[in-house]
Amino acid sequence: MGRPTLYDAAGGAPAMLALAADFHQRCLDHPTLSHPFSHGVDPEHVPHLAAYWGEVFGGPPVYSTTRGGHPAMIRVHANQCDEDPFSAAFVECFDAAVAATLPDDPALRAVLGDYIRAGTTEVVPYMPLSAAGPADVPMPLWTWAGRQGRDGSVSTGEAVTRTP
C-alpha cells in the first residue's frame, strides 16, 4: 500500500481542505490565535490555506498563481506583534487538526509535524511590527522524506541528509 495522497491529480485537495477547515476553526476558537482574525475573516481563507498546503506537498501551483506564492503567505502573517504569542498554539492546533482529519499514519504525522514547526520558525522573524516581508522566497517543497532542498538535500527535523 502506498502513502495517502493529500491532493488529487486534478489539483483538488480534499484531504488538505478538510485539514484546513478543521485547523481554521481551531484557530478561531483559540483565545490567542483568534486575535489575528479579529479584523475579519476572509471567507476564502480555508480554500486558500488548502491550496497553499497542497502546493507545498507537491500539488499544482494554485496558491502561487492565484495568491502570490510563498512571499505572500509570509506577508499575511507578518507584522502581527513584537513578541511571539502564536507559534506554540499554532503548532498545537495544527497537530490536533492533523489527528482529527488525516489517516493515522505515523510517517504522515511526522512529516507534517516537521513541516509546521519549520514553517512556524520561518515566519517568526517577520512577526515584529517593524519587520520587512520577504521579496522573493521560493515555495517550500515537502515530500514524505521531508523538506526538499534546492541542492538535493532532504531535511527531516534537525537532520539533513543527501539524496542520491
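With this note's numbering as the guide, the letters of the sequence shown map in order to residues -15 to 148. For every residue, glycine included, the Cβ atom is placed at its ideal position computed from N, Cα and C. Every value quoted in this text rests on a predicted model; they were computed, and no experiment measured them.
Pair within 7 Å by beta-carbon distance, residue i and residue j
| i | j | result |
| --- | --- | --- |
| V30 | A4 | yes |
| C11 | C77 | yes |
| A102 | A62 | no |
| I58 | G97 | no |
| H54 | V95 | no |
| T16 | P69 | yes |
For residue i, the residue or residues it bridges with in DSSP
| i | result |
| --- | --- |
| R51 | None, per the DSSP bridge assignment. |
| W126 | R131 |
Bounding residues of the beta strand (DSSP E) (the contiguous stretch that carries residue i)
| i | result |
| --- | --- |
| G130 | 130 to 132 |
Integer-rounded CB distance, given that residue j should sit under 8 Å from residue i
| i | j | result |
| --- | --- | --- |
| T104 | V82 | About 14 Å; that fails the 8 Å criterion. |
| T127 | G42 | 6 Å |
| D6 | A73 | In fact, because the Cβ distance is near 15 Å, the residues do not count as touching under 8 Å. |
| H23 | R51 | Rounded, the Cβ-Cβ distance is 18 Å, inconsistent with contact. |
| A34 | L86 | Not really, about 13 Å apart at Cβ, beyond 8 Å. |
| V108 | S71 | 6 Å |
First and last residue of the uninterrupted alpha helix (DSSP H) at residue i
| i | result |
| --- | --- |
| M0 | -2 to 13 |
| S71 | 71 to 85 |
| A102 | 90 to 107 |
| P31 | 29 to 40 |
Counted within 10 angstroms of its Cβ, other Cβ atoms place residue i as buried (16 or more) or exposed
| i | result |
| --- | --- |
| E67 | exposed |
| G130 | buried |
| P148 | Residue placement at P148 is flagged as unreliable, the pLDDT there being 28, under the threshold of 50; a coordinate-derived value is accordingly withheld. |
| E39 | buried |
| A80 | exposed |
| A119 | exposed |
| R146 | Here the model assigns R146 a pLDDT of 30, short of 50, so the residue's position is not dependable, and the following value carries that caveat. By the neighbour-count rule (16 or more Cβ atoms within 10 Å), R146 is not buried but exposed. |
Any chain C beta carbon closer than 7 Å to residue i
| i | result |
| --- | --- |
| A5 | In the structure shown, chain C cannot be found, because there is only a single protein chain. |
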